[in-house]
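Undergrad: Converting from the sequence shown to the working numbering requires adding 626 to each position, the first position being numbered 1.
From the three backbone atoms N, C-alpha and C, an ideal C-beta is built for every residue, glycine too.
Source: prediction; values computed, not measured.
Take a look at the following structure, please.
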Amino acid sequence: MVMVFGQLLEEVSTDEKKYNSDWEKSLPDDLRFALRFEKMILDDLKRRMSNMDVGALSEIKSYKEPPAIIGTVIQVVMLLLGICAEEELQEWSNIKTHLNSELLKKLAAFDPLGKDTKVDIHKANDRLKGLTATEVKKGGSMPTYLLYQWIIDVISIIRVGEATR
Numbered sequence: 627m628v629m630v631f632g633q634l635l636e637e638v639s640t641d642e643k644k645y646n647s648d649w650e651k652s653l654p655d656d657l658r659f660a661l662r663f664e665k666m667i668l669d670d671l672k673r674r675m676s677n678m679d680v681g682a683l684s685e686i687k688s689y690k691e692p693p694a695i696i697g698t699v700i701q702v703v704m705l706l707l708g709i710c711a712e713e714e715l716q717e718w719s720n721i722k723t724h725l726n727s728e729l730l731k732k733l734a735a736f737d738p739l740g741k742d743t744k745v746d747i748h749k750a751n752d753r754l755k756g757l758t759a760t761e762v763k764k765g766g767s768m769p770t771y772l773l774y775q776w777i778i779d780v781i782s783i784i785r786v787g788e789a790t791r
């Protein structure tokens, strides 16, 4: 987190503005800053998640039925990535087949603002039902907590993106 703030402060303290696209260049400074902040947080999360291997998902996958918090987080990840249709999210046996190295690759490659990204954040929010980071940290595992943080950041980036279009 300190690294993220350092990068943002460096950019703000110089007159040089770095843009990743023409679209980003057209944003007002406050929205561009918010978007850049969220993207840096997501990049940091992806870096931390890159240390997660299939073994980290094995505990989650081993549940006959996961605790509600873990199940909810995994369902939302599957929904955001478009891995499972909504009706498939009801069956843990369907979901857990996707807890593998391919999931980790999709998480790392996911671009919330990509042209082909079709995400319904309202469905994701409905499933989260006010679930907090503290509850996830207490009632889940470290991989579940990182996935929850990924969800929250993806939703934030999409919201900033929607606010600018």
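1. Buried or exposed for ARG673, going by 16 or more other Cβ atoms inside 10 Å?
2. From ASP746, PHE736 and HIS748, pick the residue whose C-alpha is nearest to that of ASP669; which is it?
3. Of the residues CYS710, ILE696 and LEU729, which one's Cα is nearest the Cα of LYS763?
4. Leaving out the 5 sequence neighbours to the left and right, which residues in its chain are closer than 7 Å to VAL702 when beta-carbon positions are compared?
5. Within 10 Å of its beta-carbon, does MET666 have 16 or more other beta-carbons around it, so buried, or fewer, so exposed?
6. Compute the Euclidean distance between the alpha carbons of LYS731 and LYS722, then round it to the nearest angstrom.
7. Please report the straight-line C-alpha distance between SER684 and CYS710, rounded to a whole angstrom.
8. Would THR760 be called buried (16 or more neighbouring beta carbons within 10 Å of its own) or exposed?
9. Rounded to whole angstroms, how far is the Cβ of PRO769 from the Cβ of MET678, which I believe are closer than 8 Å?
10. Is it right to say VAL680 is buried, meaning 16 or more other beta carbons lie within 10 angstroms of its own, or is it exposed?
11. What residue ranges within the segment 722-785 form continuous alpha helix (DSSP H) runs of no fewer than 4 residues, ordered along the chain?
12. State yes or no: is the C-beta of ILE747 within less than 7 Å of the C-beta of ILE686?
TA: Taking the coordinates as given:
1. exposed
2. PHE736
3. ILE696
4. ALA750, ARG753, LEU754 and ILE777
5. buried
6. 16 Å
7. 19 Å
8. exposed
9. 6 Å
10. exposed
11. 727-735, 747-754 and 759-765
12. no
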